[in-house]
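Only one structure is covered here, and it is reproduced in the block below.
Protein chains: 2
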Amino acid sequence: MTAPQRTWAGTTLTDRRATRRRQLIEAGLELLGSHGTSAVSVRAVCRTAKLTERYFYESFDDRDALLLAVYDQVAQQAHEALVAAVANAPDDVTELVRAAVTSFVELIIDDPRKGRVLLLAPLTDPALIRRGSELLPSFTTLIHDQLPASIDGTDRRLSAVGVTGALTNLFTGYLNGTLDVPRERLVEHCVQLLLDAARA
Amino acid sequence: MTAPQRTWAGTTLTDRRATRRRQLIEAGLELLGSHGTSAVSVRAVCRTAKLTERYFYESFDDRDALLLAVYDQVAQQAHEALVAAVANAPDDVTELVRAAVTSFVELIIDDPRKGRVLLLAPLTDPALIRRGSELLPSFTTLIHDQLPASIDGTDRRLSAVGVTGALTNLFTGYLNGTLDVPRERLVEHCVQLLLDAARA
DNA sequence: TAGGATTGACAACGACCGTAGTCAAGGCGA
DNA sequence: TCGCCTTGACTACGGTCGTTGTCAATCCTA
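Below you can see the structure in the form of structure tokens.
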């Protein structure tokens, strides 16, 4: 029994709701990525998005739902960037890995807020912890799957978790400025890391 | 012009203040290690420590000062455990590294709250970010220093940050139960990680 | 025992939180 | 033009926050 979608100011109701939802998510990204979880309050999000609280609850059940939406959106973008890079890469394994790493690094350089959402937020925010332990290993898995696999299950897991952590810390350091290193150098180091992990 | 330290209930004023300070730090450890930064409010700390807010400000300038004190205490303990392990270890390099890793793993098994304070809190809490980027690399450095060093500065730094991240993620996963692996297996993997890093 | 040191309980300030509700002003299609 | 849909501004509730202050009870030493 959906209403006949009568138009309004040239757009339908669903369109306008979707736009507002996007604005809220963008505001959430800004706050989460720039000032951390504690900065993401319903009021702050609405202030940033220039929308009323009423519209918040139009699109999200509660604060946590927004957090998840922000994270999922960024994770989705990262996933797409990786898949695209891997798909377009030449056959050479090293080049493949380099393409994947580069695409990821570019994503988090282009918008460090996204990097922080992806890498840092899920480490401590209760609402995101489960999500975080799904995505980042899948980053490693995505690449591992492209490579000859001859390692036993547990070691594979240990290795994946380790490599993931190494990459996380390297990227995080790069984001913070803690790790002052040219981008190519960072990329190259990560590539070697992944190749070594796959060989071992 | 210190007062003559007249005694009270068998203890001096300085003693009682120190005791209260310890209680507050212990409460902070409990809250920070078990429920994260956001759980560490002045009121909650005082409730947990069974002390009045007045005594909080007797020992700490503000909330952040307590956070730092908690972190520094745990970091100090970790440092001491590492130094002790390294000092008592045999000459064999592998055994040395194994001793260091074991001592650290035991610390965070014995009291997972400390592990979380050490590994997670400094990643996101504004007050601790600087502290965190000092200590954990020093963990790696402590071991690196025991080993033949033949790598150039930047690579050394990249390697240290990477290894630190790998260890962090492995320990964190172990703490969370996300990484379901026997302790010896974890230790052994970390040992190999460190040895490989030193060789490369 | 008198008197000051020390303690605990608690109130107060202004601010922000999540969430829900009200109400008037305006825009739009019929 | 009429009447409904949509919008923004606003208020309200009960709660927690950091921080400072008050005040009566208690304890010890001199």
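Just so you know, the sequences run in chain order Y and V. The opening residue of the first sequence carries number 1 in our numbering; numbering runs sequentially from there. The opening residue of the second sequence carries number 201 in our numbering; numbering runs sequentially from there. From the three backbone atoms N, C-alpha and C, an ideal C-beta is built for every residue, glycine too.
1) So, is the C-beta of leucine 318 of chain V closer than 8 Å to a C-beta in chain Y?
2) Valine 181 of chain Y versus chain V: which residues are under 8 Å apart at the beta carbon?
3) If you measure from the beta carbon of threonine 94 of chain Y to each beta carbon in chain V, is any gap under 8 Å?
4) Is it buried or exposed, proline 126 of chain Y, if we count other Cβ atoms within 10 angstroms and call 16 or more buried?
5) Does the beta carbon of asparagine 88 of chain Y sit closer than 8 Å to a beta carbon anywhere in chain V?
6) Just reading off the alpha helix (DSSP H) that lysine 250 of chain V is part of, what are its end residues?
7) Where do the ends of the alpha helix (DSSP H) carrying aspartate 310 of chain V lie?
8) Taking 8 Å as the CB-CB cut-off, is leucine 170 of chain Y touching chain V?
9) With 8 Å set as the bound, which would you pick, yes or no: does the beta-carbon of glycine 377 of chain V sit closer than that to a beta-carbon of chain Y?
10) Do arginine 316 of chain V and glycine 233 of chain V have their CB atoms nearer than 8 Å?
11) If I measure Cβ to Cβ from arginine 21 of chain Y and keep anything under 7 Å in the same chain, skipping five residues before and after, which residues do I get?
12) For threonine 11 of chain Y, which three-state DSSP category applies?
13) Which residues in chain Y sit within 8 Å of threonine 302 of chain V, going by Cβ to Cβ distance?
14) Grab me the residues of glutamine 73 of chain Y's own chain with a C-beta within less than 8 Å of its C-beta, minus the 5 sequence neighbours each way, in chain order.
15) For a cutoff of 8 Å on Cβ pairs, would you count threonine 236 of chain V as touching chain Y?
16) Should serine 241 of chain V be flagged as near chain Y, meaning a C-beta pair shorter than 8 Å?
17) So what does DSSP say about glycine 177 of chain Y, is it helix, strand or coil?
18) Tell me the residue span of the alpha helix (DSSP H) that contains leucine 120 of chain Y.
19) Taking the continuous alpha helix (DSSP H) assigned at aspartate 264 of chain V, which residues delimit it?
20) Let me confirm a value: valine 283 of chain V is counted as buried when at least 16 other C-beta atoms fall within 10 Å, else exposed. Which label applies?
21) Given leucine 119 of chain Y, which residues of its chain have a CB within under 7 Å of its CB, disregarding the five upstream and five downstream residues?
22) For tyrosine 71 of chain Y, does the count of other Cβ atoms within 10 angstroms reach 16, so buried, or fall short, so exposed?
23) Can you pull the chain V residues whose beta carbon is under 9 Å from the beta carbon of leucine 128 of chain Y, in chain order?
24) Would you please state the rounded distance, in angstroms, between the beta carbons of valine 42 of chain Y and arginine 17 of chain Y? I believe it to be under 8 Å.
25) Which stretch, first to last residue, makes up the alpha helix (DSSP H) that contains leucine 193 of chain Y?
26) Would you mind stating whether glycine 236 of chain V and threonine 124 of chain Y have Cβ atoms separated by less than 8 Å?
27) Alpha carbon to alpha carbon, how far is glutamate 295 of chain V from aspartate 310 of chain V? Give it in angstroms, no decimals.
28) Between cysteine 390 of chain V and proline 122 of chain Y, what straight-line distance do the alpha-carbon atoms span, to the nearest angstrom?
29) In whole angstroms, what separates the C-alpha of alanine 203 of chain V from that of valine 387 of chain V?
30) Would you call arginine 98 of chain Y buried or exposed, if buried means 16 or more other Cβ atoms sit within 10 Å of its Cβ?
31) Any Cβ of chain Y within less than 8 Å of the Cβ of arginine 150 of chain V?
32) Judging by CA-CA distance, which residue of V:Asp380, V:Leu375, V:Ala244, V:Glu306 is the nearest neighbour of arginine 156 of chain Y?
33) How about valine 161 of chain Y: is its C-beta nearer than 8 Å to some C-beta of chain V?
34) Compare the Cα-Cα distances from alanine 265 of chain V to each of V:Ala278, V:Gln277, V:Val245, V:Glu334 and report the closest residue.
Checking against the coordinates, here is how it stands:
1) Translated into positions along the second sequence, residue 318 of chain V becomes position 118. No, its Cβ sits nowhere closer than 8 Å to a Cβ of chain Y.
2) To locate residue 181 of chain Y, count along the first sequence from 1; it is residue 181. What valine 181 of chain Y touches in chain V: Thr354, Arg357, Leu358.
3) Here residue 94 of chain Y corresponds to residue number 94 of the first sequence, with the count starting at 1. Chain V contact via Cβ: absent.
4) Looking up residue 126 of chain Y in the first sequence gives position 126. With fewer than 16 other Cβ atoms within 10 Å, it is exposed.
5) By 1-based counting over the first sequence, the position of residue 88 of chain Y is 88. Closer than 8 Å: no.
6) What you label residue 250 of chain V is simply residue 50 of the second sequence in a count that begins at 1. Segment: none, lysine 250 of chain V is in no alpha helix (DSSP H) and carries neither H nor E.
7) Residue numbering aside, residue 310 of chain V sits at position 110 when the second sequence is read from its first letter. Taken as a continuous stretch (DSSP letters only), the alpha helix (DSSP H) holding aspartate 310 of chain V covers 293-310.
8) On the first sequence, position 170 is the one that residue 170 of chain Y refers to. Interface residue, yes.
9) Taking the second sequence and counting its residues from 1, the one referred to as residue 377 of chain V is at position 177. No, its Cβ sits nowhere closer than 8 Å to a Cβ of chain Y.
10) Within the second sequence, numbered from 1, the residue matching residue 316 of chain V stands at position 116. Within the second sequence, numbered from 1, the residue matching residue 233 of chain V stands at position 33. Yes, the pair counts as a contact, with Cβ atoms nearer than the cut-off.
11) Residue numbering aside, residue 21 of chain Y sits at position 21 when the first sequence is read from its first letter. Excluding sequence neighbours, arginine 21 of chain Y sits near Ser59.
12) Walking along the first sequence from the start, residue 11 of chain Y turns up at place 11. Look at threonine 11 of chain Y here: in three-state DSSP terms it is strand.
13) As a first step, residue 302 of chain V must be located in the second sequence, where it is residue number 102. In chain order: nothing, as chain Y lies at least about 16 Å away.
14) Position 73 of the first sequence, counted from the first residue, corresponds to residue 73 of chain Y. If we look at glutamine 73 of chain Y and ignore the five residues flanking it on each side, its Cβ neighbours are Ile25, Leu29.
15) Locating residue 236 of chain V in the second sequence gives position 36, where the first residue counts as 1. Position check: residue 236 of chain V holds glycine in this sequence, whereas threonine was assumed. The beta-carbon of glycine 236 of chain V is placed less than 8 Å from the nearest beta-carbon of chain Y.
16) The sequence position of residue 241 of chain V within the second sequence is 41, counting from 1. Not an interface residue.
17) Indexing the first sequence from 1 puts residue 177 of chain Y at position 177. Correct three-state label for glycine 177 of chain Y: coil.
18) Translated into positions along the first sequence, residue 120 of chain Y becomes position 120. Element bounds for leucine 120 of chain Y: n/a, residue is neither H nor E.
19) The residue given as residue 264 of chain V occupies position 64 in the second sequence. Counting along the chain, the alpha helix (DSSP H) containing aspartate 264 of chain V begins and ends at 263-288.
20) To locate residue 283 of chain V, count along the second sequence from 1; it is residue 83. So valine 283 of chain V counts as exposed.
21) As a working note, residue 119 of chain Y is residue 119 in the first sequence. Only Thr168, Phe171, Thr172 meet the Cβ criterion.
22) For the purposes of this step, residue 71 of chain Y is taken as the residue at position 71 of the first sequence. With 16 or more other Cβ atoms within 10 Å, it is buried.
23) As a position in the first sequence, residue 128 of chain Y is number 128, starting the count at 1. Here the premise fails: no neighbours, minimum Cβ distance about 11 Å.
24) Sequence index remark: in the first sequence, residue 42 of chain Y carries index 42 (1-based). Sequence index remark: in the first sequence, residue 17 of chain Y carries index 17 (1-based). Their Cβ separation, rounded to whole angstroms, is 17 Å, which puts valine 42 of chain Y and arginine 17 of chain Y out of contact at 8 Å.
25) Here residue 193 of chain Y corresponds to residue number 193 of the first sequence, with the count starting at 1. Here the alpha helix (DSSP H) through leucine 193 of chain Y covers 183-199.
26) Locating residue 236 of chain V in the second sequence gives position 36, where the first residue counts as 1. Locating residue 124 of chain Y in the first sequence gives position 124, where the first residue counts as 1. Closer than 8 Å, so yes.
27) The sequence position of residue 310 of chain V within the second sequence is 110, counting from 1. The sequence position of residue 295 of chain V within the second sequence is 95, counting from 1. If I take the Cα positions, the gap works out to 22 Å.
28) Position 190 of the second sequence, counting from 1, holds the residue named residue 390 of chain V. Position 122 of the first sequence, counting from 1, holds the residue named residue 122 of chain Y. Distance between the alpha carbons of cysteine 390 of chain V and proline 122 of chain Y: 23 Å.
29) Here the question's residue 203 of chain V lines up with position 3 in the second sequence. Here the question's residue 387 of chain V lines up with position 187 in the second sequence. Any answer about alanine 203 of chain V is weak, because its pLDDT of 41 lies below 50 and its placement is not dependable; what the coordinates show is given next. Approximately 52 Å between the Cα atoms of the pair.
30) Here residue 98 of chain Y corresponds to residue number 98 of the first sequence, with the count starting at 1. Arginine 98 of chain Y is buried by the Cβ-count criterion.
31) Residue 150 of chain V cannot be examined here, being either before or after the span of chain V that is shown, 201 to 400.
32) Position 156 of the first sequence, counted from the start, is the residue given in the question as residue 156 of chain Y. Checking every option, the nearest Cα to that of arginine 156 of chain Y belongs to V:Asp380.
33) Residue 161 of chain Y sits at position 161 when you count from the first residue of the first sequence. Interface residue, yes.
34) Position 65 of the second sequence, counting from 1, holds the residue named residue 265 of chain V. Of the listed residues, the one whose Cα sits closest to alanine 265 of chain V is V:Val245.
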